[in-house]
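>
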Amino acid sequence: MSRWTTTEVALLAHVVPAAQRPEDLRPLFPRHPLGGVRWKALRCGLKWPTRRRARKA
3 MSRWTTTEVA LLAHVVPAAQ RPEDLRPLFP RHPLGGVRWK ALRCGLKWPT
53 RRRARKA
């Protein structure tokens, strides 16, 4: 587990509301697991994207 830097928190506040799927956030925060990113976003009062994966054709 690693600590969040101020730069990561600023990026989180900027990117999370615009994200359509949680998987879109994974490459932006490689040091943190997706569950940790979700926890931090909810802790900061940000709305977590709820859209599931796109269907396969």
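The sequence shown begins at 3 in the numbering used here and counts up by one.
Note that the Cβ used here is the ideal one computed from N, Cα and C, for glycine as well.
Is G47 helix, strand or coil by DSSP?
coil
> Is the Cβ-Cβ distance between R23 and R45 less than 7 Å?
No.
> Would you kindly check if the distance between the Cβ of L27 and the Cβ of V11 is under 7 Å?
no
> Using the three-state DSSP reduction, which class does H16 fall into: helix, strand or coil?
helix
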